[in-house]
Amino acid sequence: MNLDDLPIRDDLRGLKAYGAPQLDVAVRLNTNENPYPPSPELAGALADRVRVSAAELNRYPDRDALELRAGLAAYLGHGLDASRLWAANGSNEVLQQILQAFGGPGRRAMGFEPSYAMHPLITTGTNTAWVGGAREADFSLDPVKAVAAIAEHDPDIVFLTSPNNPTGTAMPLEAIAAVARAARGMVVVDEAYFEFARTGTPSALTLLPEHPRLIVTRTMSKAFAMAGTRLGYLAAHPAVVEALLLVRLPYHLSALTQAAALTALDFREELLGSVQRLREERDATVSWLRGRGLEVADSDANFVLFGRFADRRKVWEGLLEQGVLIREVGPPEWLRVSIGTEQEMSAFREALENVL
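For the sequence shown, the numbering used here begins at 395 and goes up steadily by one.
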């Protein structure tokens, strides 16, 4: 028996599961992870916290994760409190819960592509229709065209990604505000990479007071270097959090996940200390790639999209043969490299020189 023999939903037939290759190579620069691991001090503090939690693993965890939500609110600032924060197992589960609450049969979600591939996949998984809008040639979003597309398709949910994945481009606050004013339904601003944005880049969090149907999502997987924790969260009006309570699974965040996330917040200065190094390495990578005559998208994230290649698969394979793994993603002529350590980026540059 294979997948085609199973009575799965018709709208799932022919789809491929999301995932980047997980290959055992010397330099892995394909999944936008923070390359700097937690310190021994952080690991020790986490072990101590988990040890305390372990004594009560026979009991369910704090169902509403109130301590964690309060900690996340304090980290974000902007006058937020626990009632305006929600957390789940990675930002993808946060997005799924948003679609479960505000999407579903007979409803549609809209995004502007190229953008995060999980947005349409989660949308389809929740039996919500997907409408793909278009970005400009430089991967920016024209607010006038975006508003016109919203008027045409009348989506129940609009996804905006800033900085955008896989292009790295951040959106001006005015463009986000224009979409929030135009949309009848919910507007979700995915800020998974916001901590890497250039100094002075405003967050959509500043728009929450005037737009009650606006949701801003974040993650600990990137700048916080806690991808293995699987902790994502959002900030929104308290009524939005109440809506998500209707669809979340009981006790969805384990006690161990909450312990790890609370430890990360305690060590935020250490964990976020690598952000500036990664910004500098990103900017240096952009300059180096452009110096080799390649096109490079402006990036406010911890990755760089570059091209254009007549046969990107050949370039990708050439790098892999030298032990460097990057990502085939986005428009067909482009590749994306995550920003690693100085040594990893040096290996990437040497390998790409050899391929070119």
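Think of the CB as a built atom: it goes at the ideal place given N, C-alpha and C, for glycine as much as any other residue.
In the three-state reduction of the DSSP assignment, Arg673 falls in the helix class, which pools H, G and I. For Arg607 against Val635, the beta-carbon gap comes to about 13 Å, at or over 8 Å, which does not count as contact. For Leu515 and Tyr412, the gap between their C-alpha atoms comes out near 8 Å. For Val488, the uninterrupted alpha helix (DSSP H) run begins and ends at Gly484 to Phe496, by DSSP. When only Cα atoms are considered, Val723 and Asn424 end up about 10 Å apart.
Taking the Cα positions, Leu554 is about 14 Å away from Arg575. For Tyr469, the secondary structure class from DSSP, reduced to helix, strand or coil, is helix.
When C-beta atoms of the region 507-527 are compared with those of the region 679-692, fewer than three pairs fall below 8 Å, so the two segments do not count as touching. Just so you know, the alpha carbons of Arg730 and Asp692 end up roughly 12 Å apart. Secondary structure of Glu689 (DSSP, three-state): strand.
Per DSSP, the continuous alpha helix (DSSP H) segment holding Phe742 begins and ends at Glu736 to Val749. In chain order, Ile720, Ala745, Leu746 and Val749 place their CB closer than 7 Å to the CB of Leu713, counting only its own chain and leaving out the 5 sequence neighbours on each side.
Here Glu450 carries a coil assignment [DSSP, helix/strand/coil]. Counting C-beta pairs closer than 8 Å gives three or more between the region 544-561 and the region 577-591, which meets the contact rule. Taking the Cβ atoms as the reference, Thr518 lies roughly 6 Å from Asp405, within the contact range of under 8 Å. Judged by DSSP secondary structure, Gly626 falls outside any alpha helix (DSSP H) and instead within the beta strand (DSSP E) spanning Gly626 to Ala629.
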